[in-house]
Amino acid sequence: MKCGVVVFPGSNCDHDLYHVLKHVMGLDTRFVWHKEHDLADLDAVFLPGGFSYGDYLRTGAIARFSPVMTEVIEFAKKGRPVLGICNGFQILCESGLLPGALLRNRNLDFICKSIYIRVESENTVFTGACRQGQVLKMPIAHGDGNFFVDEATLAELEERQQVIFRYCTAEGEVNAEANPNGSLNNIAGICNRKRNVVGMMPHPERASEAVLGSDDGRWIFQSLVVAALDVVS
Amino acid sequence: MKGTMQEPEVTLELARQHGLSEEEYEQIQKLIGRKPNYTELGMFSVMWSEHCSYKNSILLLKTLPKDGEYVLAKAGEENAGLVDIGDGLAVAFKIESHNHPSAVEPYQGAATGVGGILRDIFSMGARPVAALNSLRFGSLDDPHVRYLFRGVVHGIGDYGNCFGVPTVAGEVYFDPSYRGNPLVNAMAVGIVKHDRIVRAVARGEGARVFLIGSSTGRDGIHGATFASEDLSEESEAKRPQVQVGDPFTEKLLLEATLEMAKEDCVIGIQDMGAAGITCSTSEMSAAGHAGMVIELDKVPLREADMIPYEILLSESQERMLVVAKPGKEEKIKQICEKWDLHAAEIGKVTERNQQLQVFWHGKKVVDIPADSLVVGGGAPQYERESRRPEYIERLHGEDLRALPHPLDLADTLLKLLESPNIANKSWVYHQYDHTVRTNTVVAPGADAAVIRIKGTKKGLAMKTDCNSRYVYLNPRRGTAIAVAESARNVVCAGGEPVAITNCLNFGNPYNPEIYWQFKEAIAGMREACSYLGTPVTGGNVSFYNENPDGAIHPTPTIGMLGILEDINHATTAWFKQEGDLIVLLGRNLEEVGGSEYLAVIHGKVSGDCPQLDLQRELQVQTACLKAIREGLVQSAHDVADGGVAVALAESCIMNRERPLGASVELTGYFRADFCLFGESQSQIVLSLKGAHLPRLTEICNEYNVAMRVIGEVGGERLRIGELVDVSLQDMMDRYYNAIPEKMRIVAIE
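So the sequence lines, in the order shown, correspond to chains A and W. Residue numbering for the first sequence follows this note's numbering, beginning at 1 and increasing consecutively. Residue numbering for the second sequence follows this note's numbering, beginning at 1001 and increasing consecutively.
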């Protein structure tokens, strides 16, 4: 299986994702320059964190017009796996692959710290190896991570179990105190209806090696590997 | 058209307005053999400013130890110091001030400070892997100080976060002496393969010179000159001299620069910070014993009607000067096009003629020896008059034994824990991305930060440090302590200290008392760096940190770099396990002079700073590092502000998720409050499993280090004999809430 990490001007977690996919998970991985048009060799596409185009306008608002996004949308429509992390999640929302928007954090400040998320659904290609209710420890690092969506869509997301991760306490309790940024229903990650496109604000690639304080993030990447094996077998 | 404005006639009066003295003006005429024109005068004024020329400091800076086993580029040779770390890798690191800009425009001032220091690192071909800072403000009870504090932290965060460098460590101090004159010192650390190191040099007859990055505007003109004078009521009007940062362009510039280094495209690169095109062209030429011909018409401008004076002096950010390897010009253009950056060919190197010649609209507007502008060349060098200030005798003479004993020592400890100087700084570092690049092993909030180096077993430990109260009371020893303490921090994190960078923040050097502080500080740094084997690889001097209320406390900030041979040696300051023994290394001499205790509880900055025995310091550090490397140590925490009591309290609560209590006995003290809160140097609090005690004892004997088992980890309280008994919860409430509570007031204002 081959992974592609998209590089927009201003992406700054591209090397981190590449490192984890290639050197930690041992997957064939390549960078995808934002002007590329051919994703045919890829089995999964990752949109990394960072500040694409500086995010001076609105997070992800310009990146969605990057040439490669046309191909990413096509790739997603074919049901192939796409994971957006942090700025990648914001770009997925801007491009319409995922519903909702990431607003300014409730306290208006950038927040970087280690948090906990609870896996709400095993039923995606990026959570298949997890179990529902599992608590994962990983960092967040964002100024705009406050997930917002209109009431009707929120109800639909919940009903269709498209909420994949929620901010929680170390014990797995979802409450206001565990919500770092004001996201509706403590939402930290969601998927599309087809469940092949996932966006999340926390950074699993920063928590995939024990030396960094947590390797819980590996569950996300391991899920992809397991899913691929299932397809093959 | 505005561009045809009449240039003023150059006179002594105009030179004076440009900050040049009569002697300097005469010297310029001697060097170039005629009267300079307006443009040339501007160039001399900015290059001979304190900020660029180090004219009042360079003679003393030359006395600092520069050589070391690992040093690849010495102080003053390159944009930043360079240290060999083995495995074919080198570390570039440097600290720099952005005090004056931050005083008038905190957000942009601090942001561009980060941008400038990052460019110093990646212009050498190194990828920045960590950022640190040292920040100083007045009291947080002052609304203007809170405005500055918030603005500076936002500025640092927004720039570093967007650029994608983890801000992993630093220090924040609050003292009334910084009220009108905050200090913003930014440090960056980068890693480069030996064969990709890029030098700041221009060589090769006819080699093409490119300006890469942002276009040039009117921002920051005379920024360096502004940084070379005292702050005053009028400083606010100089806000336009503060540059505006664009971290996105900086990120593109980083990638393009590293790609050029990788593709072996360049002879030399220098970033454009202070004095913009003037500084980079003259310094690179002088370094290569060459000259340059520059055509200003080819410089991409933000405003069409800029005159040569403005173009040459602009401090627009995110620009680099690149001297191309012959035949690589097209490749450079391609790389820049890929990253959507300008790559304007603006001139060429002349080896036969060492003049800096600048043309504009077909006319030669500048023709001066490149060397005449730069430090080590024509720029002046002074040794100023110095005089020991009267206050020192007076403060040393104060009888601290006459201080009243506090009634409640537990309450005293809690008051110290909520002093903003000691209290937890997560309000600050949670706004900095400190985990990007996936190398951060020990994050902010510890003694020193530790990052791993991918592809090796190694790690780097880093810390910025300076207790300016000590330096104020005793500039020589106080500075030696800053070196010793930053090294101790690095050792506690498991690293071997290898080299320092420094940021010397002082008042006006024309005041003999200030110059005396500076001279003494340099002497103290020389002594400590020589003894501890940590040469000075560079840094920055910031004078004129004064305002109408007076000068700041002298603040020679030390940025210490250490190497971990094995990343598994990374050690943190907090207790790990119930039942572990607590050991105190070193001797407690119960010294409260210049302590946080004296300032917070008794409202005094007085006495002399603690003693420092460098031999003892080195022994303690060597023993501690050996114990860590042998795997004996669970936690190691340096005794600093607030003394042994605060060090113990911090070891209990620094791991917010898993605080652990401790029961401790301190015996044989002369005075309880001095014993608990005195800040004697060369002390480290360790915790370890009981089984490792015999081996630790052996190591301490081997290095002649005093050690005592003082207690045991466990419980939900910190008990120190009969003196202190407080709950973890009470300590945490004070320690973690102090700064957020002060800053919450701002949200309402």
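All residues carry an ideal CB built from backbone N, CA and C; glycine is no exception. Just so it is clear, the structure is predicted and the values come from calculations on it, not from any experiment.
- Contacts with chain A (Cβ-Cβ distance below 8 Å) from the segment 1422 to 1434 of chain W involve SER1426, TYR1429, HIS1430, GLN1431, TYR1432, ASP1433, HIS1434, listed in chain order.
- The beta-carbon of W/ILE1567 is placed less than 9 Å from the nearest beta-carbon of chain A.
- At least 9 Å separates the beta-carbon of A/TYR167 from that of A/ILE111.
- Neighbourhood of A/PHE51 in chain W, by CB distance below 9 Å: ASN1161, CYS1162, PHE1163, GLY1164, PRO1247, PHE1248, LYS1251, in chain order.
- DSSP lists W/GLY1081, W/VAL1189 as the bridge partner or partners of W/PHE1093.
- Taking C-alpha positions only, W/GLY1678 is separated from A/ARG30 by approximately 57 Å.
- For W/GLN1027, the enclosing alpha helix (DSSP H) has its first and last residue at 1022 to 1032.
- Only buried fits A/SER121, as 16 or more other CB atoms lie within 10 angstroms of its CB.
- For A/PRO139, the C-beta contacts it makes with chain W under 8 Å involve THR1435, in order along the chain.
- Pairing W/ILE1267 with W/VAL1201, the inter-Cα distance amounts to about 7 Å.
- Each residue's CA atom was taken as its position, placing A/VAL226 and A/GLY128 some 8 Å apart.
- Judged by DSSP in its simplified three-state form, W/TYR1391 adopts helix.
- In the assembly as shown, W/SER1134 is a buried residue. Its beta-carbon has 16 or more other beta-carbons within 10 Å.
- In this structure, W/GLY1081 keeps its C-beta atom at 9 Å or more from the C-beta atom of W/LYS1062.
- Within chain A, the residues placing a beta-carbon under 8 Å from that of W/THR1440 are LEU212, ordered along the chain.
- Within chain A, the residues whose beta carbon sits less than 9 Å from that of W/LYS1454 are HIS19, HIS23, listed in sequence order.
- With respect to W/LYS1363, W/CYS1265 sits apart: the two C-beta atoms are not nearer than 9 Å.
- In this chain, the alpha helix (DSSP H) harbouring W/GLU1050 covers 1050 to 1053.
- Partner residues in the beta bridge of W/THR1216, as assigned by DSSP, are W/LEU1301.
- In the DSSP assignment, W/ASP1465 is bridged to W/ILE1558.
- W/TRP1339 reaches chain A at PRO9, counting residues in chain order whose Cβ is nearer than 8 Å.
- The segment 1464 to 1514 of chain W contains, as complete beta strand (DSSP E) runs of 3+ residues, the segments 1496 to 1505 (chain order).
- Taking a 10 Å sphere around the C-beta of W/TYR1391, we find fewer than 16 other C-beta atoms and assign the residue as exposed.
- Residue environment for A/LEU108: exposed (fewer than 16 other C-beta atoms within 10 angstroms of its C-beta).
- Apart from the 5 residues on each side of it in sequence, W/GLN1621 sits with its Cβ closer than 7 Å to the Cβ of ALA1487, ARG1488, VAL1491 in its chain, given in chain order.
- With the rule of 3 Cβ pairs closer than 8 Å, the segment 193 to 207 of chain A counts as touching the segment 73 to 86 of chain A.
- Beta-bridge analysis with DSSP links W/THR1167 to W/ALA1131.
- Only those residues of the segment 54 to 82 of chain A whose C-beta falls short of 8 Å from the nearest C-beta of chain W are listed: GLY54, ASP55, TYR56.
- Apart from the 5 residues on each side of it in sequence, W/ARG1671 sits with its Cβ closer than 8 Å to the Cβ of ARG1401, HIS1405, GLU1590 in its chain, given in chain order.
- Interface flag for W/ASP1730 against chain A is unset, since no Cβ pair is found closer than 9 Å.
- Taking 9 Å as the cut-off between beta carbons, the residues of the segment 199 to 227 of chain A near chain W are HIS203, GLU205, ARG206, ALA207, SER208, GLU209, VAL211, LEU212, GLY213, in sequence order.
- Apart from sequence neighbours up to five positions away, the residues of its chain that approach W/ALA1662 with a beta-carbon distance below 8 Å are PHE1575, ILE1582, LEU1648, SER1651, CYS1652, GLY1711, GLU1712, VAL1713, GLY1714, GLY1715, LEU1718, ARG1719, ordered along the chain.
- Contact check for W/MET1043 against W/LEU1313 passes: the beta carbons are separated by less than 9 Å.
- Contact of A/ASN179 with chain W is not assigned, every C-beta pair being separated by 9 Å or more.
- Of the other Cβ atoms in all chains shown, 16 or more fall within 10 Å of the Cβ of A/ASN146; this residue is therefore buried.
- As for any beta strand (DSSP E) of minimum length 3 sitting wholly inside the segment 1266 to 1348 of chain W, the runs are 1266 to 1271, 1291 to 1295, 1319 to 1324, ordered along the chain.
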